[in-house]
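Working notes, structure below.
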Amino acid sequence: MERKTRVRFAPSPTGPLHMGGVRTALYNYLFAKQRGGDFVLRIEDTDSHRFVPGAEAYIIQALTWCGIRPDEGVDENGQVVSVPSGRHPHAPYRQSERKPIYRQYAEQLVRDGYAYYAFDSAEELAALRAEMEAKGQTFIYNHSTREKLRNSLTLPAGECARLLEETTDWTVRFKMPADRIVKMDDMIRGHVEVNSGTLDDKVLWKRADELPTYHLANIVDDHLMEITEVIRGEEWLPSLPLHYLLYEAFGWQDTMPRFAHLSLLLKPDGKGKLSKRDGDKMGFPVFPLQWTSPEGEVSRGYREDGYFPEAFVNLLAMLGWNPGDERELFTLDELVEAFSIDRIVKSGARFNPEKAKWYNKEYLRRRSPEQLADDFIPILEEKGIRVTEGDGKDFAGGCFGKEYVRKVVALIQERATFVKDFWDIASYLFVSPTEYVEKDAAKFWKAENTALAFELAAHIGAMEGIWEKESFEADVENYIKSREWPMGKVMNCLRLALVGASSGLGIADIACLIGREEFIRRVDRARNTLGA
RNA sequence: GGCGGGUUCGUAUAACGGUUAGUACGCGAGAUUUUCAUUCUCGAAACAGGAGUUCGAUUCUCCUACCCGCUACCA
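All the letters of the first sequence, read from the start, carry residue numbers 8 to 539 under this note's numbering.
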């Protein structure tokens with residue numbers, strides 16, 4: 008019987024979710040949704056020492072921002088996510104809450120001869136490691152050494168029983184076969200073989216905190232939660248043989264999930280995988296949301312940098328995957344449709360901040376001016392501009408109608424990458440210029456031109472009716488051409504007066520936006536400030 | 001060191017034995033425009049190296065180099 012697709016994203020709450028982690032979550036989500044399956048969010052908090060407060064909430068908030076909603080798992084408030092049926096056969100989803108489950112499975116393996124109790128303390132092993140290293144050798148706890156160490160394989164039964172009873176720093180270790188070729192299949196990498204003799208006897212369960220390690224918890228939970236595919240980072244590929252052997256030891260081969268190991272995200276330049284420091288150093292975020300560590304250190308986020316979640320998700324999807332055709336822009340739903348595991352790229356993807364900006368720009372120009380105006384208003388207010396209903400404009404009072412803001416945004420949105428760029432691009436549409444860029448003034452504010460510009464301005468000021476771009480443009484052009492004036496010089500003169508610089512929208516756009524009264528005021532001010 | 005994975009323009013990628021090796025970002029040059037931006041056109045830019053297999057290899061095999069990961073009572 009075909010099982011219902013169930014995948015999981017299983018982060019460890021040891022810090023903020025890195026963008027590579029978001030990509031892993033995204034691919035899992037896309038895979039599940041495409042097949043009408045479930046996407047499970049499981050929190051792997053089995054390492055009590057590395058727990059970071061706030062990390063779990065951060066992870067959930069980050070996924071929420073991206074539009075990635077788990078069908079099962081933990082929600083923002085730490086509660087099990089609500090489902091229509093209200094039933095949660097797989098809960099709890101936080102491994103620390105599943106503590107009692109794991110011990111029996113560890114003991115089952117010992118009973119069946121697949122694992123054993125190890126009594127060597129962490130200190131003893133560290134000393135052993137140091138000793139071997141001093142001799143230029145590497146210590147590995149496996150078939151080559153386990154016979155000489157203190158464990159249930161070497162100690163008398165009575166002694167074992169006593170230690171199990173009286174001490175608390177023992178562990179359960181997997182008894183890795185001495186010489187077995189483990190044959191594995193990966194959905195991305197194909198067939199992979201490893202000799203078990205090179206692997207070590209991994210700790211599966213720790214008596215000290217009565218918690219499993221990743222390997223045990225992972226296999227047990229994936230089995231119990233009926234996971235059908237495991238899509239995770241490449242760093243897990245080396246432990247895949249152990250996981251295969253664990254499924255075998257438990258007798259769960261028939262329902263063992265299929266595996267897909269994703270390549271890592273690399274630094275934009277240089278070597279190595281993307282890390283938190285790169286972002287700070289090279290001026291781009293590596294985290295979806297801003298993160299403040301318990302120590303108070305702040306790391307920037309894509310959201311705070313002005314990225315739209317759609318753009319972020321899109322660029323992440325395209326890092327290591329392609330649709331097979333030349334499309335680049337995808338909504339989340341379109342990604343669900345187009346995604347396929349066999350178009351995932353094997354090699355590591357280097358992140359390119361420039362391309363990231365391009366994505367945002369594309370999404371920005373596709374947004375409605377209404378939406379963008381709403382995003383822009385808080386920035387305007389920060390700059391001391393008040394925004395009211397309607398389309399009024401009061402330059403002296405610094406107060407503008409929402410409709411006016413919308414009109415401005417509609418004209419500038421194709422010039423910006425982020426909403427936060429709007430102010431730099433269009434501040435002159437809210438504040439009358441009082442200063443004029445020296446270089447630009449030197450270039451354009453010449454007596455022979457200003458005289459013509461003033462004459463034109465007078466004509467414009469006297470134009471009948473409502474100013475509307477098309478008619479305005481036609482009239483002005485006609486006026487200039489009929490007099491055989493140098494169009495560029497005159498217009499740039501006017502622009503300097505209206506903008507305070509030699510860049511910006513077309514004169515007609517500006518004039519129609521700010522209106523007759525403000526137009527006249529700006530021309531007069533330029534004349535008074537720069538002279539005729 | 002051992003084990004595993006990877007390697008196409010600067011970057012992301014296409015190609016599934018035969019192509020002038022395509023596309024996008026970025027970059028350069030033109031054109032359009034009243035400036036700037038946009039837009040449009042054009043351009044520079046890659047098969048890591050070496051052996052095989054084959055009539056023919058970017059594509060298949062092996063070796064080397066380089067990169068990445070793992071090698072914890074972390075995930």
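Yeah, the Cβ is synthetic: ideal placement off N, Cα and C, and Gly gets one too. All values derive from a computational prediction rather than experimental measurement.
- By alpha-carbon distance to Thr205, the top candidate from Glu172, Cys167, Lys280, Val189 is Val189.
- Here Ile234 is actually not in contact with Tyr254; their C-beta atoms are around 12 Å apart, not less than 8 Å.
- Across the set Lys476, Phe58, Pro295, the C-alpha of Pro295 shows the shortest separation from the C-alpha of Gly28.
- Counting only residues of its own chain and dropping the five nearest sequence neighbours on each side, Trp328 has a CB closer than 8 Å to the CB of Tyr34, Phe346, Arg350, Ile351, Val352.
- Annotation for Gly197: the continuous beta strand (DSSP E) segment containing it runs 197–202.
- Spanning the alpha carbons of Gly143 and Ser89 requires a straight line of approximately 55 Å.
- Look at the beta carbons and you see the segment 357–377 touching the segment 318–325: at least three pairs across the two are nearer than 8 Å.
- Between Ala454 and Ala539, the alpha-carbon positions lie close to 6 Å from each other.
- Between the C-alpha atoms of Gly513 and Ala504 there is a straight-line separation of about 13 Å.
- Inclusion of Tyr435 and Leu537 in the CB contact set at 8 Å is not warranted, their separation being larger than that value.
- Within its own chain, the residues whose Cβ lies closer than 6 Å to the Cβ of Cys167, once the five positions on either side in sequence are excluded, are Ser159, listed in chain order.
- Under the DSSP assignment, Met191 falls outside any alpha helix (DSSP H), being part of the beta strand (DSSP E) whose first and last residues are 188–193.
- Contact between the segment 148–165 and the segment 116–129 is present: 3 or more CB-CB pairs across the two stretches fall below 8 Å.
- Nearest to Leu170 by alpha-carbon distance, out of Ala134, Pro184, Met191, Arg214, is Arg214.
- In this chain, Gly327 is not harboured by any beta strand (DSSP E), its DSSP state being neither H nor E.
- C-alpha of Glu369 to C-alpha of Arg490: approximately 42 Å in a straight line.
- Between the beta-carbon of Val293 and that of Met26 there is about 6 Å, and that keeps the pair under the 8 Å contact cut.
- Straight through space, the alpha carbons of Gly74 and Leu339 are spaced by roughly 8 Å.
- Using a 10 angstroms sphere on the CB of Pro60, the tally of other CB atoms stays under 16, which defines it as exposed.
- Here Ser246 is near His222, since their CB atoms are less than 8 Å apart.
- DSSP, read as helix, strand or coil, puts Val415 in helix.
- Sequence-distant Cβ neighbours of Val201 in its own chain, meaning closer than 6 Å and more than five residues away, are Val189, Pro248.
- DSSP, reduced to helix, strand and coil, places Lys450 within a helical segment of the structure shown.
- Closest by C-alpha distance to Ile67, out of Arg49, Asp54, His56, is Arg49.
- Per DSSP, Trp259 is not a residue of any beta strand (DSSP E), being assigned neither H nor E.
- Residue pairing from DSSP places Ser306 in a beta bridge opposite Trp298.
- In this structure, DSSP gives Phe383 a helical state, which the three-state scheme calls helix.
- Here the segment 480–495 makes no contact with the segment 386–406; the two share fewer than three CB pairs at distances below 8 Å.
- When the beta-carbon positions are compared, Leu218 and Lys106 come within less than 8 Å of each other.
- DSSP places Tyr124 in the strand class (E or B) of the three-state scheme.
- When only Cα atoms are considered, Met263 and Thr12 end up about 13 Å apart.
- Within 10 angstroms of the beta-carbon of Leu371 lie 16 or more other beta-carbons, which makes it buried.
- Around the Cβ of Met494, a 10 Å sphere holds fewer than 16 other Cβ atoms; the residue is exposed.
- Annotated three-state conformation of Thr395 is strand, per DSSP.
- His56 is classed as exposed because its beta carbon has fewer than 16 other beta carbons within 10 Å across all chains shown.
- Classified as buried, Lys414 has 16 or more neighbouring CB atoms from the shown chains inside 10 Å of its CB.
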